[in-house]
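In this text, residue positions in the sequence shown follow my numbering: the first is 16, and each later residue adds one. Backbone N, C-alpha and C fix where the C-beta goes; we use that ideal spot for every residue, glycine too. Since this is a predicted model, take the numbers as computed values, not measurements. Accompanying notes for the structure given below.
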Amino acid sequence: NDLDVHYLQASSSANAPLIILLHGFPELAYSWREVMPKLSEAGYNVCSSRSTGVWSYRFVSCCIRLPKCCISYRTRLWLWVAGYCALIRPDLFRSVVIMSAPFQGVPLFTAFIAFLADNFYAKSADWPINNPHRLPSASASNLATLPHYYIMLLEQTMPMAVRNAVNEGTRSLEAWLPQEELAFYVSEYSRTGFQGGLNGLGCIPIPGALEDMKERVCKHMDDDDLVLVPDAGHWVQQEQSEAVVEHLKRFLAKVSPKE
16 NDLDVHYLQA SSSANAPLII LLHGFPELAY SWREVMPKLS EAGYNVCSSR
66 STGVWSYRFV SCCIRLPKCC ISYRTRLWLW VAGYCALIRP DLFRSVVIMS
116 APFQGVPLFT AFIAFLADNF YAKSADWPIN NPHRLPSASA SNLATLPHYY
166 IMLLEQTMPM AVRNAVNEGT RSLEAWLPQE ELAFYVSEYS RTGFQGGLNG
216 LGCIPIPGAL EDMKERVCKH MDDDDLVLVP DAGHWVQQEQ SEAVVEHLKR
266 FLAKVSPKE
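Written out as structure tokens, the structure is:
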């Protein structure tokens with residue numbers, strides 16, 4: 016796949032059974048320095064990718080073309096790749112060794128559906144815990160007032176931060192996100208994953224962003240073009256779609272060229 020992969024190899028014979036040793040951050044192929052020579056002496060052809068991060072994934076994508084493989088894989092985040100290789104291509108990967116953390120197999124989609132439902136609801140206007148307000152500053156005490164899906168507690172994961180939110184409001188999620196439409200989100204994110212979006216979210220500022228947009232970035236904006244839609248949360252185009260359409264039509268009528 017037009018990739019140049021730097022890997023380390025220790026081999027007693029070109030025809031020896033292949034073992035691929037993978038690693039996660041912050042380890043390197045160097046982490047296997049005590050293991051590679053001894054496995055080679057035991058009669059195996061041993062390889063390890065020198066790169067970290069996304070290259071570990073790409074390295075595996077190259078390796079799945081190699082027959083008679085046994086993978087040894089280390090650290091929790093990256094062990095999924097090794098586990099999935101063994102599941103998806105048992106014809107190539109005869110066995111797998113998982114170290115340091117368990118591989119739990121294919122995620123349960125029912126749990127994924129529940130998480131997405133809670134996540135959508137928690138960031139909507141229907142969740143009674145939400146109380147939008149301006150933060151005076153980015154101090155720790157002010158940030159601590161944000162919902163836990165934005166500033167998570169130390170011991171929480173994202174699913175834990177929104178758990179059961181869908182059952183805590185007065186309006187059903189079905190009112191603006193029916194089950195069959197939620198299923199489309201589940202299908203798409205099951206295919207693509209969340210990582211790209213999560214990488215971007217980490218770069219977004221919180222306090223003063225609205226004022227900064229109005230006063231500096233879009234300083235020629237009319238006052239009536241900064242709209243807070245009633246009874247809408249983060250998913251405004253879904254929660255109050257009719258209001259969004261009306262505001263867009265109003266704005267477009269103002270900015271469209273006159274015939």
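Inter-stretch contact (C-beta, 8 Å, three-pair minimum) for the stretch 166-185 and the stretch 101-108: no
C-alpha gap between residue 264 and residue 252, whole angstroms: 14 Å
Buried versus exposed, by CB contacts within 10 Å (16 or more), residue 51: buried
Neighbour-count burial assignment, residue 30, 16 or more Cβ in a 10 Å radius: exposed
Of the listed residues 221, 248, 240, 152, nearest to residue 191 (C-alpha basis): 248
Residue(s) in a DSSP beta bridge with residue 22: 64
Sub-8 Å separation of residue 127 and residue 188 beta-carbons: no
Outcome for residue 133 when other beta-carbon atoms lying within 10 angstroms are tallied against a minimum of 16: buried
Where residue 110 sits in the DSSP three-state scheme: strand
Three-state secondary structure assigned by DSSP to residue 144: coil
Per-residue burial, residue 83 [other beta carbons within 10 Å of its own, 16 or more giving buried]: In this prediction, residue 83 scores a pLDDT of 36, lower than 50, which makes its location untrustworthy; the coordinate-derived value is nonetheless stated afterwards. Label assigned to residue 83: exposed.
Where residue 103 falls: helix, strand or coil (DSSP): helix
Counted within 10 angstroms of its Cβ, other Cβ atoms place residue 238 as buried (16 or more) or exposed: exposed
Nearest-angstrom Cβ-Cβ length linking residue 250 and residue 139, presumed shorter than 8 Å: 6 Å
Residue of 55, 224, 236, 257 minimising C-alpha distance to residue 26: 55
Exposed unless 16 or more other CB atoms sit within 10 angstroms - verdict on residue 233: exposed
Residue 155 versus residue 166: straight-line alpha-carbon distance, rounded: 10 Å
Distance between beta carbons of residue 259 and residue 270, contact taken as under 8 Å: Rounded, the Cβ-Cβ distance is 16 Å, inconsistent with contact.
CB of residue 164 within 8 Å of CB of residue 198, strictly: no
Contained alpha helix (DSSP H) runs [length at least 4] in the stretch 141-203, N- to C-terminal order: 155-158, 173-177
Cα-Cα separation between residue 262 and residue 181, rounded to whole angstroms: 28 Å
For residue 263: DSSP bridge partner residues: Its beta-bridge partners do not exist; DSSP assigns none.
Enclosing beta strand (DSSP E) for residue 37 [first to last residue]: 33-37
Backbone secondary structure at residue 269 - three-state DSSP: helix
Residue 207 versus residue 177: straight-line alpha-carbon distance, rounded: 22 Å
Given residue 225 as reference, the closest of 168, 200, 151, 201 once Cα atoms are compared: 151
Helix, strand or coil at residue 48 [DSSP, three-state]: coil
Pairwise C-alpha distance: residue 201 and residue 147: 28 Å
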